[in-house]
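What follows is a single structure, written as structure tokens, with notes after it.
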Amino acid sequence: MRSSEKFIIRKQTSHRRTLGRVLILAALWLFVAFVIVVNLGFIFHVYSDTLVSFYLLMNLDYKLYGIVVGTIVVVSLLIWAYSAWRLRKLRGKQA
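Residue 121 is where the sequence shown starts when you use the numbering used here, and the numbers rise one by one after that.
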């Protein structure tokens, strides 16, 4: 029997665990979006008591804002590159 004819058995992740991962990831992205919105508010001089409170609570500055945006871009590019490489590798095995 050739190796391509053997079955591969993979463990399925439970729906509860998948939902937990999705919720954690969504919460992290919501926090990142919140930090960006607070910073953009200060960049464009949109002030309110709540916005100032959040800004002081997080102790943000323009340098940190650049680091957060840069990190998001780098992580997004790394995920895209790995996904493209992995997809190409998987399609190569099918041929």
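We treat Cβ as the ideally placed atom computed from N, Cα and C, and that holds for glycine.
Selected residue, minimal CA-CA separation from V155, among R141, D169 and V188: Taking the sequence shown and counting its residues from 1, one reaches residue 155 at position 35. Residue V188 is the option with its Cα nearest to V155.
T191 to V166 span [Cα, whole Å]: Here residue 191 corresponds to residue number 71 of the sequence shown, with the count starting at 1. Here residue 166 corresponds to residue number 46 of the sequence shown, with the count starting at 1. Distance between the alpha carbons of T191 and V166: 25 Å.
Opening and closing residue of the alpha helix (DSSP H) in which T138 lies: The residue you call residue 138 lines up with position 18 of the sequence shown. Here the alpha helix (DSSP H) through T138 covers H135 to I163.
Burial state of G158, where buried means 16 or more other Cβ atoms lie within 10 Å: Counted from its first residue, the sequence shown places residue 158 at position 38. This sequence places Val at residue 158; Gly is not what is there. V158 should be labelled buried.
Continuous alpha helix (DSSP H) stretch holding V172: start and end: Start at 1 with the first residue of the sequence shown, and residue 172 comes out as number 52. From DSSP, the alpha helix (DSSP H) with V172 extends over D169 to M178.
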